[in-house]
Amino acid sequence: MKKLSSYIITLYILFTVVPLTIFIAVTTVNDVIQEKNRQEDLFHKVLNQQLVDAEKSLIQFDLQLADNVVTQLAQLSFITSVRLDSHMYDMTLAEVINDSENVFSQNEKKYSLYKDLDQEVGVLYLTKDDNAYMNAIILSLLPKSLLFIIVIGLFGFAFSKKVISTLKRPFIDVQRYAYLVANGNFDSLAPNYKFDEINALFLSLDNMRDRLLSNITELRKSEEKYSKTYNLTQVSLFVVNVKEKQIVHANHAFLSLFGNLNFVNSRDNAEVRNQFIQKLIKKTSQTGFEYTLLIKNSRRYFKVNCSVNSSNEIECSTLDITDVVKVKKKIEKQLITDSLTKIPNRVAFTNFVQQAECKEIESFSVMMLDLDGFKKVNDTYGHSAGDALLVTIAKRLSEDIKYIGEVFRLGGDEFTITLEGSHSKEDLYAIAQTIVHGVEQDIFFNHEKLSVSVSIGINACNSYDTVSDALHRADLAMYHAKENKSRIMFAEDLLKTVEQ
Numbered sequence: 000m001k002k003l004s005s006y007i008i009t010l011y012i013l014f015t016v017v018p019l020t021i022f023i024a025v026t027t028v029n030d031v032i033q034e035k036n037r038q039e040d041l042f043h044k045v046l047n048q049q050l051v052d053a054e055k056s057l058i059q060f061d062l063q064l065a066d067n068v069v070t071q072l073a074q075l076s077f078i079t080s081v082r083l084d085s086h087m088y089d090m091t092l093a094e095v096i097n098d099s100e101n102v103f104s105q106n107e108k109k110y111s112l113y114k115d116l117d118q119e120v121g122v123l124y125l126t127k128d129d130n131a132y133m134n135a136i137i138l139s140l141l142p143k144s145l146l147f148i149i150v151i152g153l154f155g156f157a158f159s160k161k162v163i164s165t166l167k168r169p170f171i172d173v174q175r176y177a178y179l180v181a182n183g184n185f186d187s188l189a190p191n192y193k194f195d196e197i198n199a200l201f202l203s204l205d206n207m208r209d210r211l212l213s214n215i216t217e218l219r220k221s222e223e224k225y226s227k228t229y230n231l232t233q234v235s236l237f238v239v240n241v242k243e244k245q246i247v248h249a250n251h252a253f254l255s256l257f258g259n260l261n262f263v264n265s266r267d268n269a270e271v272r273n274q275f276i277q278k279l280i281k282k283t284s285q286t287g288f289e290y291t292l293l294i295k296n297s298r299r300y301f302k303v304n305c306s307v308n309s310s311n312e313i314e315c316s317t318l319d320i321t322d323v324v325k326v327k328k329k330i331e332k333q334l335i336t337d338s339l340t341k342i343p344n345r346v347a348f349t350n351f352v353q354q355a356e357c358k359e360i361e362s363f364s365v366m367m368l369d370l371d372g373f374k375k376v377n378d379t380y381g382h383s384a385g386d387a388l389l390v391t392i393a394k395r396l397s398e399d400i401k402y403i404g405e406v407f408r409l410g411g412d413e414f415t416i417t418l419e420g421s422h423s424k425e426d427l428y429a430i431a432q433t434i435v436h437g438v439e440q441d442i443f444f445n446h447e448k449l450s451v452s453v454s455i456g457i458n459a460c461n462s463y464d465t466v467s468d469a470l471h472r473a474d475l476a477m478y479h480a481k482e483n484k485s486r487i488m489f490a491e492d493l494l495k496t497v498e499q
């Protein structure tokens with residue numbers, strides 16, 4: 000059985016390497032020698048003739064003849080400059096300089112001219128460009144070189160045609176056999192050829208077919224196992240095609256929560272779907288994000304994780320965390336809500352102060368409130384009566400400032416009211432009077448009338464004040480109002496009183 004590689008190498012040597020090597024060697028050596036001799040003969044022939052004319056022009060001082068001498072020599076392609084100098088007249092009779100870019104390859108020659116054997120009448124300077132000289136030889140060989148290239152091309156074409164005719168049928172069969180295997184036709188039989196390499200190739204394809212069949216079997220088992228796990232998990236799994244803006248695949252958990260894919264991908268849900276996909280594209284590099292959806296008039300919260308599957312698809316998993324979020328919000332609400340009065344507590348007020356310090360709230364006014372007579376109520380009627388009074392007072396305060404501010408219980412019988420924005424002194428005083436009037440209204444507990452009053456310190460926080468200073472001045476104003484039973488006291492009025 001023949002070796003295909005040996006057969007191809009033999010053909011190549013017979014049709015190209017041997018004849019081309021002989022042809023190249025003989026032709027090149029012969030042409031270079033002949034052309035070099037021809038160029039040298041031409042140069043010396045022209046030079047000898049022009050030396051005679053140059054000598055004559057010097058003796059006779061014939062400028063036209065001198066000009067003809069340098070012109071004839073300068074017409075040689077490898078001559079870059081010619082100059083004829085006269086010693087008798089101490090001048091240059093004629094000169095021609097040709098353009099030449101390569102100054103490094105120029106070689107100047109000097110030819111002395113004599114009238115008699117011992118009388119030198121002048122000198123002929125000749126500058127020769129060796130590169131141009133070789134270029135002239137190359138240009139003269141160009142036609143033969145073209146012929147040589149054509150011959151090589153013909154040999155190459157003949158060789159290629161022979162190789163193609165030898166390999167065409169086997170490789171067509173290889174292509175057809177590989178196509179059948181790739182399309183799942185594993186029962187096809189490989190043809191038998193006289194070349195070892197072709198048979199080895201088909202044998203490799205057979206081995207590949209067997210491994211492929213085994214891998215496909217294992218892959219199907221793995222897909223079945225994955226499909227069961229994919230659909231049995233309680234986590235919603237789905238695949239989004241960001242180019243088509245469609246959800247192309249989803250498990251049972253997703254479908255039971257959001258509905259079938261026709262509904263999810265419907266035109267009615269296009270806006271919600273597009274908003275989710277836009278956020279998904281921005282968040283693919285992160286670990287995950289929370290997303291909120293309105294499902295059957297109920298707001299639900301989801302934790303979404305994703306990873307890029309291909310250039311257009313993103314695999315996602317989503318977990319319903321609605322109950323967790325509701326519990327979290329409930330706990331957060333409890334942390335900032337007074338357990339007795341159900342109004343914001345000291346923690347909520349601290350959050351407000353932090354926002355003000357960070358300039359999230361540009362301007363505000365604060366009222367510090369302290370109930371007068373509360374201890375007497377506690378001591379006389381008990382803590383239950385005191386608690387009922389605090390609850391009622393908190394409701395009245397909240398109602399009085401319902402649309403303009405917020406009330407906080409700091410602890411015991413101390414309350415604080417914050418009013419965001421700018422307010423005139425007159426407006427603040429009117430609000431404070433409303434509060435005083437509401438607090439002093441009678442409160443009944445177990446048929447007992449409970450009476451208290453309130454002292455209020457007011458301060459408007461300006462941009463040049465620190466928050467702590469503003470609160471401190473409001474607190475001082477409240478204590479001054481309490482001591483002097485003046486009910487309402489502005490921090491700025493207290494400052495004027497102190498200065499006086």
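Under numbering that gives the first Met the number 0, the first residue of the sequence shown is numbered 0, with each subsequent residue one higher.
Note that beta-carbon positions come from the ideal geometry of N, C-alpha and C, so glycine has one too.
Everything numeric in this text was worked out from a predicted model, so none of it was measured.
Residue i (DSSP reduced to helix, strand or coil)
i      : result
Met477 : helix
Asp337 : coil
Glu538 : Since the first residue of the chain shown is 0 and the last is 499, residue 538 is not available in this structure.
Arg175 : helix
Lys295 : coil
Thr465 : coil
Ala157 : helix
Met207 : helix
Ser76  : coil
Leu116 : coil
Glu331 : helix
Ala490 : helix
Glu217 : helix
His471 : helix
Ile197 : helix
Ala459 : strand
Thr126 : strand
Start and end residues, beta strand (DSSP E) containing residue i
i      : result
Gln277 : Here Gln277 belongs to no beta strand (DSSP E); instead the alpha helix (DSSP H) covers Ala269 to Lys282.
Asp66  : No beta strand (DSSP E) holds Asp66; the alpha helix (DSSP H) holding it covers Leu62 to Ala73.
Phe444 : Ile442 to Phe444
Asn308 : It is not in any beta strand (DSSP E) - Asn308 carries neither H nor E in the DSSP assignment.
Asn106 : Gln105 to Tyr113
Glu94  : Met90 to Ile96
Val238 : Ser235 to Asn240
Val406 : Glu405 to Gly410
Val451 : Premise fails: Val451 is in no beta strand (DSSP E) and is neither H nor E.
Limits of the unbroken alpha helix (DSSP H) element including residue i
i      : result
Arg395 : His382 to Asp399
Arg345 : Arg345 to Glu356
Ala431 : Lys424 to Glu439
His251 : His251 to Phe257
Lys44  : Val17 to Gln59
Leu260 : Leu260 to Val263
Member of the options whose CA lies at the smallest distance from the CA of residue i
i      : options                           : result
Leu57  : Gln48, Val120 and Tyr110          : Val120
Leu179 : Val241, Val68, Leu138 and Leu204  : Leu204
Leu116 : Val435, Lys329, Ser80 and Glu54   : Glu54
Leu64  : Asn47, Ala93 and Ile78            : Ala93
Asn214 : Thr232, Val406, Pro190 and Gly183 : Gly183
Ile457 : Thr321, Ala476, Asn445 and Leu449 : Ala476
Leu153 : Lys424, Thr349, Phe407 and Leu19  : Leu19
Phe22  : Val150, Gln105 and Lys114         : Val150
Phe194 : Met207, Phe170 and Leu212         : Phe170
Met207 : Gln233, Val234 and Ala177         : Ala177
Ile320 : Arg298, Leu334, His436 and Thr415 : Arg298
Ile246 : Lys302, Cys315 and Gln354         : Cys315
Asp61  : Ala24, Asp84, Ile313 and Ser80    : Asp84
Val435 : Ala387, Ala480 and Phe262         : Ala480
Thr79  : Phe257, Val68, Asn106 and Leu218  : Asn106
Lys448 : Leu388, Glu482 and Glu413         : Leu388
Leu370 : Lys495, Ser310, Glu439 and Glu312 : Glu439
Cys357 : Thr465, Val31 and Gln174          : Thr465
Classification of residue i by the beta-carbon crowding that lies within 10 angstroms, buried from 16 upward
i      : result
Cys305 : buried
Ser467 : exposed
Ala142 : The residue you asked about is not Ala; residue 142 is Pro in the sequence shown. Under this definition Pro142 is an exposed residue.
Tyr402 : exposed
Thr391 : buried
Leu146 : exposed
Phe262 : exposed
Tyr192 : buried
- Item | Any 3 or more C-beta pairs closer than 8 Å across the region 372-384 and the region 417-429 | In this structure the region 372-384 does not touch the region 417-429; the number of beta carbon pairs closer than 8 Å is below three.
- Okay, do the region 263-282 and the region 187-201 touch, 3+ Cβ pairs below 8 Å being the bar? No: the two stretches stay apart, fewer than three of their Cβ pairs being nearer than 8 Å.
- Message: Tell me whether the region 441-448 and the region 317-327 touch, counting them as touching only if at least three CB pairs, one residue from each stretch, are closer than 8 Å.
- Response: No, they do not touch.
- Item | Inter-stretch contact (C-beta, 8 Å, three-pair minimum) for the region 35-45 and the region 69-82 | Short answer: they touch.
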